[in-house]
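Number of protein chains: 2
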Amino acid sequence: MVGAGQLARMTHRAAIDLGVELTVLAGSPQDAAVRAGARPVFGSSARAEDLRELAEGADVLTFDHEQVPPELLSELAAEGLPLRPGPAAKLLAQDKLHARRELEARGFPVPAFTLATSAAQIDDFAREHGWPLVAKAPRGGYDGRGVTVVGTPADALELLEDEPGGMLLEPLLPIERELAVVVARSVDGEARAYPVAESVQYEAMCREILVPAPITEDLAGQAQELALALTDVPGAVGVIAVELFVVDGGLVINELALRPHNSGHFTIEGADTSQFEQHLRGVLGWPLGSTQLTAPAVVMVNVVGPADGSDPRARLPRALAEPGVHVHLYDKAPVPGRKLGHVTVRADDLQTAKDAARRAAAILEGDN
Amino acid sequence: MVGAGQLARMTHRAAIDLGVELTVLAGSPQDAAVRAGARPVFGSSARAEDLRELAEGADVLTFDHEQVPPELLSELAAEGLPLRPGPAAKLLAQDKLHARRELEARGFPVPAFTLATSAAQIDDFAREHGWPLVAKAPRGGYDGRGVTVVGTPADALELLEDEPGGMLLEPLLPIERELAVVVARSVDGEARAYPVAESVQYEAMCREILVPAPITEDLAGQAQELALALTDVPGAVGVIAVELFVVDGGLVINELALRPHNSGHFTIEGADTSQFEQHLRGVLGWPLGSTQLTAPAVVMVNVVGPADGSDPRARLPRALAEPGVHVHLYDKAPVPGRKLGHVTVRADDLQTAKDAARRAAAILEGDN
Numbered sequence: 001m002v003g004a005g006q007l008a009r010m011t012h013r014a015a016i017d018l019g020v021e022l023t024v025l026a027g028s029p030q031d032a033a034v035r036a037g038a039r040p041v042f043g044s045s046a047r048a049e050d051l052r053e054l055a056e057g058a059d060v061l062t063f064d065h066e067q068v069p070p071e072l073l074s075e076l077a078a079e080g081l082p083l084r085p086g087p088a089a090k091l092l093a094q095d096k097l098h099a100r101r102e103l104e105a106r107g108f109p110v111p112a113f114t115l116a117t118s119a120a121q122i123d124d125f126a127r128e129h130g131w132p133l134v135a136k137a138p139r140g141g142y143d144g145r146g147v148t149v150v151g152t153p154a155d156a157l158e159l160l161e162d163e164p165g166g167m168l169l170e171p172l173l174p175i176e177r178e179l180a181v182v183v184a185r186s187v188d189g190e191a192r193a194y195p196v197a198e199s200v201q202y203e204a205m206c207r208e209i210l211v212p213a214p215i216t217e218d219l220a221g222q223a224q225e226l227a228l229a230l231t232d233v234p235g236a237v238g239v240i241a242v243e244l245f246v247v248d249g250g251l252v253i254n255e256l257a258l259r260p261h262n263s264g265h266f267t268i269e270g271a272d273t274s275q276f277e278q279h280l281r282g283v284l285g286w287p288l289g290s291t292q293l294t295a296p297a298v299v300m301v302n303v304v305g306p307a308d309g310s311d312p313r314a315r316l317p318r319a320l321a322e323p324g325v326h327v328h329l330y331d332k333a334p335v336p337g338r339k340l341g342h343v344t345v346r347a348d349d350l351q352t353a354k355d356a357a358r359r360a361a362a363i364l365e366g367d368n
Numbered sequence: 001m002v003g004a005g006q007l008a009r010m011t012h013r014a015a016i017d018l019g020v021e022l023t024v025l026a027g028s029p030q031d032a033a034v035r036a037g038a039r040p041v042f043g044s045s046a047r048a049e050d051l052r053e054l055a056e057g058a059d060v061l062t063f064d065h066e067q068v069p070p071e072l073l074s075e076l077a078a079e080g081l082p083l084r085p086g087p088a089a090k091l092l093a094q095d096k097l098h099a100r101r102e103l104e105a106r107g108f109p110v111p112a113f114t115l116a117t118s119a120a121q122i123d124d125f126a127r128e129h130g131w132p133l134v135a136k137a138p139r140g141g142y143d144g145r146g147v148t149v150v151g152t153p154a155d156a157l158e159l160l161e162d163e164p165g166g167m168l169l170e171p172l173l174p175i176e177r178e179l180a181v182v183v184a185r186s187v188d189g190e191a192r193a194y195p196v197a198e199s200v201q202y203e204a205m206c207r208e209i210l211v212p213a214p215i216t217e218d219l220a221g222q223a224q225e226l227a228l229a230l231t232d233v234p235g236a237v238g239v240i241a242v243e244l245f246v247v248d249g250g251l252v253i254n255e256l257a258l259r260p261h262n263s264g265h266f267t268i269e270g271a272d273t274s275q276f277e278q279h280l281r282g283v284l285g286w287p288l289g290s291t292q293l294t295a296p297a298v299v300m301v302n303v304v305g306p307a308d309g310s311d312p313r314a315r316l317p318r319a320l321a322e323p324g325v326h327v328h329l330y331d332k333a334p335v336p337g338r339k340l341g342h343v344t345v346r347a348d349d350l351q352t353a354k355d356a357a358r359r360a361a362a363i364l365e366g367d368n
């Protein structure tokens, strides 16, 4: 697995169950997956030699992030490295402009968009959609980084200076709700969707996941169908997380992740097969597992490094005293604003699960 | 953790969730827990220096087996090593004769027993209870090793020659059913019991665990009370597995394990808190987690190395195609008769769960 953060850490946990050996490309012995005991190859995901070394003796090469340069992936795929997912599919998660164009061409619902490289193009798009607009760096953003709401032509031009290749412009949509659908596809084409989640963002970072999303069955069915249809993209394999906006009662695609995703952490306790085991099954070409929920309602809340730099681990025993709370800590240094863990609660209804999960997360973050 | 087998492996998996660092005392880099990435100290659980080295920097020292010599544990406890459980409690799982005497003195139901060191003592016990008898080595046995059904005085005498300190004799009980109750105790005295399991043995090794055991509520309540009462033993902390026999409709204690136990593997998917996380919480003095089942019925079946020496891993994809099956493989060499993994199935009733779990185990063992 390229990357050694918390996603690799939790994938390692799933690999232990299956008796699978996971080797990770890590930047440091302090990386979360290395501290959990995944075998490290130290190096950079931007260096061909390091990726080749990682692939030695491996059945497949997969990813816990989207940061490998697309050109490098294509080069390695041409050399015969068993990349799963493949470069073409991965690019949908790496390049927002490419994803918009490709998905629009395939008939998927995407927001209006344009690539703006000049003041004139900005003006044209604004005339059609009005201010404010949303400007996105086509590559490199995650957790809201690289996404800016711009209110004036001057703001937009200033951003453009940092993006010589142009920036992706979209209207500021009247978003009613954000949804996330985690699906998985195995090498032989089998695909399965988990129940649709509502994703509650806070400061552009996913904070809470509520499952099943409190939406109509009809809309949930549409969201699952849409996400399953996306698995038909060439080279798509393993877990794919699809972020959707509900706008005017309909669905538009926001972003894809071609890997396990924060919006699927709830599956560890909340579904019959965790997204991490599912990802391993998918990329290894094994049968996929059941995606059924293990309780009527499941809520996951992220634990984020508090502003005072204190460590949630010191408050772990208090959080564990909350009934029904499952705590996952990533063994990371407590940098303010950094995702350090998450808690999951299963319950008979969303409100009960949400209350308990928020209480436990607040304890860990020192707010309680 | 002293020991690095599958119990340490699965404890490591639970330690990852909690952000706890687990170091294991291992005999070899091939030990199951080391292969899963637990930090190893290589050495022997019979050497004081190795145990001292393991304890360096650790908050607590706990165990995945019962094989540390009791005298050594007492010596290390006297030095101040944080042994959890403590030597007195651990001895109940290490010395069958001591356990019988101690538990009888505390008023717990145990089978009739005697320590026989001579032919005359064997005859006396046989006159009272009739042949055949069950002869047990007081120390060192597990999975049925060290336990022999003897039909004649000559058989008993032959065994006695190998046990100069004497052997534990018990009547061959008319066992109606074997039960297992996993309980946990935290340092502050909090104790919780999991639902009672039926333990189905085959060639003296636990093969299947059915939860909840198909017995009356009354008997299940008695079994849980009895197991919880056992946690009052001085120094008892962490998980305690209590094996019980149902004889003439009542309960007698067979054996204790002061550690996570095969009969508790079902808790990984089948209960709200796994026995491995529970053990960590208990020995670290943290609040215990919920012991509720996550489904009406849960069945665990062990995967044992097949006689032909073939590796269950080669058949893993086929086993994963069985719906609802959770496979755990321990990454151990496929020695015939060795426990190599287990499968767990949750269902609405025991029969459905048992059928599916047996089918998956049979596939892994190559019988299907």
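Line by line, the protein sequences are chains X and V. Using full-length UniProt numbering, the first residue of the first sequence is number 1, and each one after it goes up by one. Using full-length UniProt numbering, the first residue of the second sequence is number 1, and each one after it goes up by one. Built from N, CA and C at the ideal position, the CB exists for glycine as well.
{"Check": "Any beta carbon from chain B within less than 8 Å of T294(V)'s own beta carbon?", "Outcome": "The displayed structure is made up of protein chains X and V, and chain B is not among them."}
{"Check": "Rounded to whole angstroms, how far is the Cβ of G151(X) from the Cβ of A137(X), which I believe are closer than 8 Å?", "Outcome": "Going by Cβ atoms, the distance from G151(X) to A137(X) rounds to 18 Å, so no, they are not a contact pair."}
{"Check": "Relative to the C-alpha of G249(V), which candidate in G140(V), T273(V) and A220(V) has its C-alpha closest?", "Outcome": "A220(V)"}
{"Check": "Helix, strand or coil for D95(V)? Go by DSSP, reduced to three states.", "Outcome": "strand"}
{"Check": "Step through the CB atoms of chain X and report whether any lies within less than 8 Å of the CB of A38(V).", "Outcome": "yes"}
{"Check": "Considering only the beta carbon of each residue, do T344(X) and F266(X) sit closer than 8 Å?", "Outcome": "yes"}
{"Check": "So is L280(V) in contact with chain X if we call contact Cβ pairs under 8 Å?", "Outcome": "no"}
{"Check": "Please report whether the beta-carbon of G324(X) lies at a distance below 8 Å from any beta-carbon of chain V.", "Outcome": "yes"}
{"Check": "Comparing the C-beta of H328(X) with each C-beta of chain V, is any distance below 8 Å?", "Outcome": "yes"}
{"Check": "Within the continuous alpha helix (DSSP H) that includes R281(X), where are the two ends?", "Outcome": "Q275 to V283"}
{"Check": "List the DSSP bridge partners of residue 369(X).", "Outcome": "Here chain X covers residues 1 to 368 and nothing more, so residue 369(X) does not appear."}
{"Check": "If you follow the beta strand (DSSP E) that A116(V) is in, where does it begin and where does it stop?", "Outcome": "T114 to A116"}
{"Check": "Mapping the DSSP letters down to three states, classify Q292(V) as helix, strand or coil.", "Outcome": "coil"}
{"Check": "Can you tell me which of E66(X), V68(X), Q67(X) and L51(X) puts its alpha carbon nearest to the alpha carbon of V60(X)?", "Outcome": "L51(X)"}
{"Check": "So what's R106(X) in DSSP terms, helix, strand or just coil?", "Outcome": "coil"}
{"Check": "When the Cα atoms are used, what is the spatial distance from P180(X) to V247(V)?", "Outcome": "One detail in the question is off: residue 180(X) reads as Ala in this sequence, not Pro. About 55 Å."}
{"Check": "Along chain V, in chain order, which residues have C-beta atoms closer than 7 Å to that of D272(X)?", "Outcome": "G324"}
{"Check": "Using the beta-carbon of each residue, which ones in chain V are nearer than 7 Å to D331(X)?", "Outcome": "G19"}
{"Check": "Under a three-way DSSP split, which group does Q121(V) fall into?", "Outcome": "helix"}
{"Check": "According to DSSP, is Q6(X) part of a helix, a strand, or is it coil?", "Outcome": "helix"}
{"Check": "I believe A295(V) touches A347(V) by the beta-carbon criterion, under 8 Å. Please report the beta-carbon distance rounded to the nearest angstrom.", "Outcome": "6 Å"}
{"Check": "Run the CB neighbour count on I175(X), radius 10 Å, all protein chains shown included, and call it buried at 16 or more, exposed below.", "Outcome": "exposed"}
{"Check": "What does P317(V) reach in chain X if we use C-beta pairs closer than 7 Å?", "Outcome": "W286 and P287"}
{"Check": "Output the boundary residues of the beta strand (DSSP E) element that contains R52(V).", "Outcome": "That residue, R52(V), is in no beta strand (DSSP E); its alpha helix (DSSP H) goes A48 to A55."}
{"Check": "Using a cut-off of 9 Å between C-beta atoms, extract the partners of I209(V) located in chain X.", "Outcome": "Simply none; closest approach about 17 Å."}
{"Check": "Give a yes or no on whether 8 Å exceeds the smallest Cβ distance from A220(X) to chain V.", "Outcome": "no"}
{"Check": "I need the DSSP call for E75(V), collapsed to helix, strand or coil.", "Outcome": "helix"}
{"Check": "Cα separation between P306(V) and D17(X)?", "Outcome": "20 Å"}
{"Check": "Please list, in chain order, all residues of the same chain as P260(X) whose beta carbon is under 6 Å from its beta carbon, the five residues on each side excluded.", "Outcome": "L7, V239, Q275, F276 and H279"}
{"Check": "Below 8 Å on C-beta distance, what does A353(X) contact in chain V?", "Outcome": "The contacting residues do not exist; A353(X) stays about 13 Å from chain V at best."}
{"Check": "How would you list, in chain order, the residues of chain X whose beta-carbon sits under 7 Å from the beta-carbon of A321(V)?", "Outcome": "P287"}
{"Check": "Answer with yes or no whether the minimum CB distance from G341(V) to chain X is below 8 Å.", "Outcome": "yes"}
{"Check": "Need the endpoints of the beta strand (DSSP E) that T23(V) sits in, please.", "Outcome": "T23 to A26"}
{"Check": "If we count the other Cβ atoms within 10 Å of its Cβ and call it buried at 16 or more, is S28(X) buried or exposed?", "Outcome": "exposed"}
{"Check": "In the DSSP assignment, the alpha helix (DSSP H) including I268(X) goes from what residue to what residue?", "Outcome": "T267 to G270"}
{"Check": "For L160(V), name the three-state secondary structure that DSSP assigns.", "Outcome": "helix"}
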